[in-house]
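Report on one structure; see the data block that follows.
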Amino acid sequence: MSKKLLDILMDRFGASVILDTHSHVGDDTAIVAPAQWRDVALFLRDDPRCKMNMLADLCGVDHIGQTPRLEVVAHLNSLELGHRLRIKTRIGDEDCSNAVVASLVPVWSGADWFERETFDMFGIRFEGHPDLRRILLYEEFVGHPLRKDYPAAKTQPLVPYREGEDVLDKLEPFGADEGMSFGRKHLDYVKEES
Amino acid sequence: MEPLDLEVDESSLELPSDPMQLLMGPSHPAMHGTVRIVLDLSGETILKADVQIGYLHRGFEKSCERGTWNQVFPYVDRCNYSSPMLNNVGYALAVEKLCGLQVPERCQYYRVIMGELARIADHLVCNAAMGMELGAFTPFLWWCRAREMIYDIFEEETGARVTHSFARVGGMAHPPTPHFKAAIRAALPHVLAANAEGVSLLQNNRIFMDRTMGVSPISAEDAVALGWTGPCLRSAGVAYDIRKAHPYLVYDRFDFDVPVGTKGDNYDRFMVRVEEIAQSARIVEQALEQMPDDGPINISDPRFVFPEKSEVYTTIESTIRHFKIVMEGIPVPKGEAYGYTEAANGELGFYIVSDGSGTPYRVRIRPPSFALVGGLSKLVTGQMIPDIIPTFGSLNMIGGECDH
Numbered sequence: 001m002s003k004k005l006l007d008i009l010m011d012r013f014g015a016s017v018i019l020d021t022h023s024h025v026g027d028d029t030a031i032v033a034p035a036q037w038r039d040v041a042l043f044l045r046d047d048p049r050c051k052m053n054m055l056a057d058l059c060g061v062d063h064i065g066q067t068p069r070l071e072v073v074a075h076l077n078s079l080e081l082g083h084r085l086r087i088k089t090r091i092g093d094e095d096c097s098n099a100v101v102a103s104l105v106p107v108w109s110g111a112d113w114f115e116r117e118t119f120d121m122f123g124i125r126f127e128g129h130p131d132l133r134r135i136l137l138y139e140e141f142v143g144h145p146l147r148k149d150y151p152a153a154k155t156q157p158l159v160p161y162r163e164g165e166d167v168l169d170k171l172e173p174f175g176a177d178e179g180m181s182f183g184r185k186h187l188d189y190v191k192e193e194s
Numbered sequence: 195m196e197p198l199d200l201e202v203d204e205s206s207l208e209l210p211s212d213p214m215q216l217l218m219g220p221s222h223p224a225m226h227g228t229v230r231i232v233l234d235l236s237g238e239t240i241l242k243a244d245v246q247i248g249y250l251h252r253g254f255e256k257s258c259e260r261g262t263w264n265q266v267f268p269y270v271d272r273c274n275y276s277s278p279m280l281n282n283v284g285y286a287l288a289v290e291k292l293c294g295l296q297v298p299e300r301c302q303y304y305r306v307i308m309g310e311l312a313r314i315a316d317h318l319v320c321n322a323a324m325g326m327e328l329g330a331f332t333p334f335l336w337w338c339r340a341r342e343m344i345y346d347i348f349e350e351e352t353g354a355r356v357t358h359s360f361a362r363v364g365g366m367a368h369p370p371t372p373h374f375k376a377a378i379r380a381a382l383p384h385v386l387a388a389n390a391e392g393v394s395l396l397q398n399n400r401i402f403m404d405r406t407m408g409v410s411p412i413s414a415e416d417a418v419a420l421g422w423t424g425p426c427l428r429s430a431g432v433a434y435d436i437r438k439a440h441p442y443l444v445y446d447r448f449d450f451d452v453p454v455g456t457k458g459d460n461y462d463r464f465m466v467r468v469e470e471i472a473q474s475a476r477i478v479e480q481a482l483e484q485m486p487d488d489g490p491i492n493i494s495d496p497r498f499v500f501p502e503k504s505e506v507y508t509t510i511e512s513t514i515r516h517f518k519i520v521m522e523g524i525p526v527p528k529g530e531a532y533g534y535t536e537a538a539n540g541e542l543g544f545y546i547v548s549d550g551s552g553t554p555y556r557v558r559i560r561p562p563s564f565a566l567v568g569g570l571s572k573l574v575t576g577q578m579i580p581d582i583i584p585t586f587g588s589l590n591m592i593g594g595e596c597d598h
């Protein structure tokens with residue numbers, strides 16, 4: 001069943017659109033060319049052999065140091081046929097410019113908030129999204145926090161921290177190293193701001 | 195003195211016809227302190243609702259990229275504070291999927307039982323809060339007392355009422371206590387009785403029915419397109435339950451039904467949860483029968499599971515093993531996996547990417563509430579302001595997971 005799904009995709013679109021496929025740990029995955037992102041999604045939704053009627057999840061991944069750098073990952077689900085598929089596409093240059101991909105809102109209306117979140121966290125623009133603005137963070141926020149070059153300990157308080165010795169609330173949070181003695185700090189792309 | 199009831203020609207009065215904007219929340223009691231809805235109103239009718247979330251955003255996914263794989267467990271606890279055990283198990287299963295691990299049978303039953311108890315507690319609280327927001331305080335108190343009985347079991351087993359951090363990659367933190375089965379068998383009838391008592395107060399209650407029946411209905415197609423899962427999807431008539439459709443752990447060994455609604459309105463969502471409590475109790479009873487009384491809880495692979503404390507203090511091999519797991523983390527192979535389980539609100543997915551080091555490269559949570567609240571604006575448009583309260587309550591928005 002599952003192998004068939006990737007074959008159907010490959011037959012329909014060919015190797016110029018379906019760049020790669022794998023079924024690692026049982027998750028069928030197709031890597032799609034960004035220009036055909038929405039076409040592939042529409043086909044998967046409407047084809048009677050696929051019937052992917054639910055977008056389970058859509059998120060981004062930052063592969064820093066690679067070009068294209070940003071990855072959009074969507075997990076699809078067919079309630080009727082009981083199969084699942086992951087489709088991915090890579091976009092954006094080294095500095096995350098030109099990270100634009102077609103929106104999936106016309107295909108699945110549930111993509112609305114997931115794409116807003118991905119825009120908020122990674123700065124990926126979804127062309128054709130009806131209302132692309134930040135969702136979890138506030139409008140004044142600068143940057144996109146889930147990118148690997150955004151320092152994890154950086155804070156951008158809307159209300160400035162108070163100064164003084166006996167102020168109990170709204171103090172600056174712990175330093176960058178607090179409670180995190182290991183992790184990705186050794187990698188050069190995580191430069192903490194002091 | 196002029197008469198007060200002055201004759202006024204009403205046709206000459208100009209009534210305001212512009213839509214009024216009303217900000218509801220985030221510090222509105224029914225918004226749970228974490229959601230703001232910007233309403234455009236015509237009279238009391240909602241023309242447009244802009245649901246704004248993010249007030250509880252804590253950077254969960256970013257934090258995960260800075261610790262080891264096992265250090266994520268306390269974070270997932272706090273993503274759903276109503277049923278943290280289900281989140282624990284869901285995350286553990288996702289990492290185990292990528293590692294190719296299968297926990298021993300006794301542990302699988304243990305996870306099922308603890309998870310179903312958490313589901314009962316979650317549904318009780320959701321229904322209780324929904325009733326309370328409509329003025330029915332008595333069921334709230336009764337159901338919280340029932341939930342407390344479940345929390346007592348959790349406290350006995352894990353040491354914590356709410357944030358257990360109890361699952362581990364490759365097993366659980368501790369084996370079941372000796373009186374584990376007896377405690378559940380003693381408590382479960384009381385929980386079910388309290389549930390039935392509360393339901394009897396609401397089920398045929400005129401006020402409750404008027405506020406929920408036919409309010410904010412959703413069609414099956416819309417619910418699927420919005421990515422709804424769990425009780426809210428089933429209330430629209432779609433019998434989709436991951437425990438049945440893609441069985442994980444030992445769910446294929448139990449006999450249980452998937453309750454569905456017909457209209458997808460608030461009352462259906464309430465009743466689906468009521469029925470699911472009974473079904474979860476059935477699963478717990480069967481699992482208690484089938485669960486072996488002894489046997490290992492954790493897998494035996496020394497790269498994943500801590501050695502016994504007594505050995506850590508006495509042998510150098512175990513000391514090194516302990517040290518390596520704490521300092522370097524567990525060896526999760528390079529790759530990606532999407533683990534999905536049926537949490538209390540629907541499909542809880544963890545998409546994890548590993549670069550082969552002891553630290554997650556990316557942990558993505560797919561919170562069921564996020565998709566549900568994404569559909570809230572569609573649900574309440576065209577309804578009245580008071581309809582927001584039961585609609586929001588019946589979606590069971592959990593701020594922690596919705597806002598990541």
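First to last, the protein sequences are chains A and B.
Under my numbering, residues 1 to 194 are what the first sequence spells out, in order.
Under my numbering, residues 195 to 598 are what the second sequence spells out, in order.
Glycine is no exception: its CB is placed at the ideal position from the N, C-alpha and C atoms.
- For a Cβ distance threshold of 7 Å, residue set 418 and 421 of chain B lies close to residue 54/A, ordered along the chain.
- At a cut-off of 7 Å between beta carbons, residue 568/B contacts chain A.
- Look at residue 92/A: its C-beta is not under 7 Å from any C-beta on chain B.
- If the five residues before and after residue 107/A are omitted, its C-beta is found closer than 6 Å to the C-beta atoms of 41, 42 and 45, all from its own chain and listed in chain order.
- For residue 253/B, same chain residues with a beta-carbon under 8 Å away, outside a window of 5 residues either side, are 598 in chain order.
- Neighbourhood of residue 59/A in chain B, by CB distance below 7 Å: 545 and 558, in chain order.
- The beta carbon of residue 529/B falls within 7 Å of a beta carbon belonging to chain A, placing the residue at that interface.
- Less than 7 Å divides the Cβ of residue 5/A from the Cβ of residue 85/A.
- For residue 555/B, the closest alpha carbon among the candidates 68/A, 137/A, 93/A and 62/A is that of 62/A.
- Here the alpha carbons of residue 71/A and residue 15/A stand approximately 19 Å from one another.
- In the three-state reduction of the DSSP assignment, residue 50/A falls in the coil class.
- For the stretch 558–582 of chain B, the full-length alpha helix (DSSP H) segments reaching 4 residues or more read 562–568 and 570–574 along the chain.
- Contact annotation, residue 430/B with residue 439/B: C-beta distance approximately 16 Å; criterion of less than 8 Å not satisfied.
- The bridge partners DSSP lists for residue 75/A are 57/A and 86/A.
- Sequence-ordered contacts of the stretch 110–122 of chain A with chain B read 110, 112 and 113 [C-beta pairs closer than 7 Å].
- By the rule that beta-carbons nearer than 7 Å mark a contact, residue 27/A touches chain B.
- Taking a Cβ-Cβ cut-off of 9 Å, residue 589/B has no neighbours in chain A, whose nearest Cβ is about 13 Å from it.
- In the structure shown, residue 379/B adopts helical secondary structure according to DSSP, grouped into three states.
- Inter-segment contact for the stretch 529–539 of chain B and the stretch 368–375 of chain B is absent: fewer than three beta-carbon pairs are separated by less than 8 Å.
- Under the three-state reduction of DSSP, residue 299/B is assigned to helix.
- Interface flag for residue 145/A against chain B is set, since a Cβ pair is found closer than 7 Å.
- The beta carbon of residue 292/B sits closer than 7 Å to some beta carbon of chain A.
- By the rule that beta-carbons nearer than 7 Å mark a contact, residue 442/B does not touch chain A.
- Chain-ordered, the chain B residues with CB closer than 9 Å to the CB of residue 82/A read 439 and 440.
- Beta-carbon to beta-carbon, residue 76/A and residue 432/B are separated by about 16 Å, too far to satisfy the 8 Å threshold.
- The shortest CA-to-CA distance from residue 335/B to any of 565/B, 389/B and 467/B is the one to 389/B.
- Residue 591/B: not part of any beta strand (DSSP E); DSSP gives it neither H nor E.
- Its chain contains 298, 299 and 300 as the residues whose beta carbon lies nearer than 8 Å to that of residue 489/B, once the 5 sequence neighbours on both sides are disregarded; these appear in chain order.
- It is roughly 44 Å from the alpha-carbon of residue 137/A to the alpha-carbon of residue 513/B.
- For residue 108/A, at least one C-beta of chain B is nearer than 7 Å to its own C-beta.
- In the DSSP assignment, residue 509/B falls outside any alpha helix (DSSP H) and carries neither an H nor an E.
- If only complete runs of 3 or more residues are kept, the stretch 83–145 of chain A shows the beta strand (DSSP E) at 84–91, 100–102 and 125–127, in order along the chain.
- For the stretch 346–412 of chain B, there is no continuous beta strand (DSSP E) assignment of 3+ residues that stays within its boundaries.
- Any Cβ of chain A closer than 7 Å to the Cβ of residue 381/B would place that residue at the interface, and such an atom is absent.
- Within the same chain, and ignoring the five residues on either side of residue 365/B in sequence, the residues whose Cβ sits closer than 7 Å to its Cβ are 297, 301, 491, 492, 493 and 499.
- Interface flag for residue 24/A against chain B is set, since a Cβ pair is found closer than 7 Å.
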